[in-house]
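Enquirer: Here's a structure for you.
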Amino acid sequence: VLNRFSQDVYTLDEELVRTFTWLFSTFFEIVGTVVLIASVTPLFLVGVAPLVVFYVFTQRYYVRTSRELKRLDSVSKSPIFAHFGETLAGTVTVRAYQGQERFATANESKLDTNQAAYFMMQASNRWLAVRLE
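Residue numbering for the sequence shown follows our numbering, starting at 20 and increasing by one per position.
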């Protein structure tokens, strides 16, 4: 619950505003550019149509993959938060039984799992950027 809430608050506070600002400015730049070029060179629209179709298919393929990778990233964060909370609550017991190394190793394992999902999510973002440029 804490993982989900903290991610949602971050998305609302930081990413959503930046994403919408970028979306609207880019949309109007593209529309203005296409209208300007089409008014000067109408044949431009013939070449743009296949490109738009390619972009739409690429974007649809990417969205499915991206959604699943975001889900994996989110799912792999929950064990990190749970382990961290449990470790904090039982710090005295962990130290009494000299389990620091075991808990550190378990934490590193959970972080590695999360970073693998995060890395793949970032790699898919770069894949899309390369395909669309």
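Using N, Cα and C, we set each Cβ at its ideal position, and we do this for glycine too.
Can you list the alpha helix (DSSP H) stretches of 4 or more residues lying completely in the region 77 to 120, in chain order?
Expert: If we require 4 residues or more, the alpha helix (DSSP H) runs fully inside the region 77 to 120 come out as 110 to 115.
Enquirer: So, with DSSP's three-state summary, where would you put Pro69?
Expert: In this structure, Pro69 counts as helix in the three-state DSSP scheme.
Enquirer: Do the region 120 to 127 and the region 100 to 112 meet, that is, are 3 or more Cβ pairs less than 8 Å apart?
Expert: Contact holds: three or more Cβ-Cβ distances are below 8 Å.
Enquirer: Please classify Leu44 as buried or exposed, where buried requires at least 16 other C-beta atoms within 10 Å of its C-beta.
Expert: The sequence as given places Ser at residue 44; Leu does not occur at that position. That one is exposed.
Enquirer: Among Ser93, Thr60, Tyr116, Val59, which has the Cα closest to the Cα of Thr30?
Expert: Minimum Cα distance to Thr30 is reached at Ser93.
Enquirer: Applying the 10 Å Cβ sphere with the 16-neighbour rule, what's the burial state of Asn144?
Expert: Asn144 is exposed by the Cβ-count criterion.
Enquirer: Straight-line CA distance for Tyr116 to Glu87?
Expert: Cα to Cα, the separation comes out at about 40 Å.
Enquirer: For a test of the three-state rule: what should DSSP assign to Leu62, helix, strand or coil?
Expert: Note: Leu62 maps to coil in three-state DSSP.
Enquirer: Count the other CB atoms, across all protein chains shown, that sit within 10 Å of the CB of Ser58; report buried if there are 16 or more and exposed otherwise.
Expert: Exposed, by the Cβ-count rule.
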